[in-house]
Each structure stands twice: as C-alpha cells, then as structure tokens.
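Take a look at the structure set out below.
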Amino acid sequence: MSSDRDDGEVLAFQRPPIRKSIVVRRGRDAVFAAFVRTIDRWWPVRPFSMGEDRVASVTFERRRGGRIYETWHDGTEREWGIVLEWLPPEGFVMTWNASGTPTEVELRFTAEAMDRTRVDLEHRGWENLSEAQLRADCALPGGYLGGSFNRGWDVILGAFLDAAERDPSAQGESASMTARNEKVTR
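Take 0 as the starting number for the sequence shown in the numbering used here and just add one per residue.
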C-alpha cells in the first residue's frame, strides 16, 4: 500500500474544539458586562471550580494579562486562567488551566439585534494534552474523551443565560458606563 506522503513527517493528532452558542435576550454591552463582571454570582462553582463549597468569590481581571481565579473563604486563591486577548465588548480569549496543561477558551459576543446577543464559545488546544489528561475527569466524569467538558459548558452557559436574562443584578452596567470603564482597562 503506498501513500501520497512519503516524507516521513508525522502530523500531530488533532482533537476537535468544543463549540457552543447561546442567544441572550439583552444587548451586547450588557451581556459582555454580565459575563465578566458578575461571574462570581452566576458561575456554578459546585462542581465547576477547584474549591466548590469553599469558594467565596470568583474574580475576572478585565485586561490582557489579567487572571481569572477563585478565592476560598480562607483566602486561598486558585487560578483558572490568564486573559490572552481582551476586546470588550466583542470578546476575549483566556487560558483554561483545569486539565494541568493549559487549553484556550474564546468567547465572542455578537449583536444580532439591539436586544439579542449571540455568545459563541470555543474551547480548543486539546492536542496539547496527553492521553491520560484527555481521559481524566474534570468537574464531571469522563474527561474530554468522555464528553465531560462538552456537557460542562452546556451547564455553565445555561447558568449564564439564566442569570443574564432573569436576574437583574447580573445584567451588568449601562452601555455608557461599560464603555467608559473598558477604555480604562484596555
């Protein structure tokens, strides 16, 4: 059996990214602000954190190089990731450190109408993980290979959707206040 490729090059095995989308019935500025500014109110820390019931707060440092981390009641901090790209209110890219080897999570916020925003998530970089890391459980059993990251993002984005549409305290600031604050942090 012959192959068109006979140069001996071994190609890296690609693992497809996880892609999810939701539509929130709010304007883009408010949706973006709700995601990053009120993450400690809507993120389901049980089971999607390192400390679960020990988590007192979740902080999203809104700038390139900023950290996303949880703080426990005793003051212990556990880092979730680092902001790699910061483009408010269009989106951000961050590392995701839950698997031991960082992967990347990108969120994009697209205005579909004045009161409708599509949130697209892509979690990528799985080819950087070992087979053992791909099989290892995260917050849910099964690891990447068993679909737990895929199911986990469904739960997380569902919690965000519920908070952004129904909880007035999670709807973020007004668009003008958000724009003013984001200029300071760029």
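A virtual CB, placed ideally from N, CA and C, is assigned to each residue, including glycine.
Item	Value
Determine the closest residue to P46 out of L144, F59, P140, V82, with distance taken between C-alpha atoms.	P140
So, V54 versus E69, is the Cβ gap smaller than 8 Å?	yes
Determine the burial state of S129: buried for a count of at least 16 other Cβ atoms within 10 Å of its Cβ, exposed for fewer.	exposed
Between which two residues does the alpha helix (DSSP H) holding G80 run?	Per DSSP, G80 belongs to no alpha helix (DSSP H); it is in the beta strand (DSSP E), 76-86.
Applying the criterion that 16 or more other CB atoms from any shown protein chain within 10 Å of the CB defines a buried residue, is Q13 buried or exposed?	exposed
Quick check: the Cα distance between N180 and I81, rounded to an integer number of angstroms?	Any reading at N180 needs caution, since the residue's pLDDT is 37, under 50, leaving its predicted position unreliable; the model's value is listed next. C-alpha separation (whole angstroms): 20 Å.
Compute the beta-carbon to beta-carbon distance between V104 and L120, rounded to the nearest angstrom, for a pair I have assumed lies under 8 Å.	7 Å
Using the beta-carbon count (16 or more within 10 Å), is M113 buried or exposed?	exposed
Buried or exposed for R134, please, with buried defined as at least 16 other CB atoms from any protein chain shown within 10 angstroms of its CB.	exposed
Counting along the chain, where does the beta strand (DSSP E) carrying R119 start and finish?	The amino acid occupying residue 119 in the given sequence is Asp; Arg does not appear at that position. Here the beta strand (DSSP E) through D119 covers 115-123.
Hey, quick one: how far does the alpha helix (DSSP H) through R165 stretch, first residue to last?	147-165
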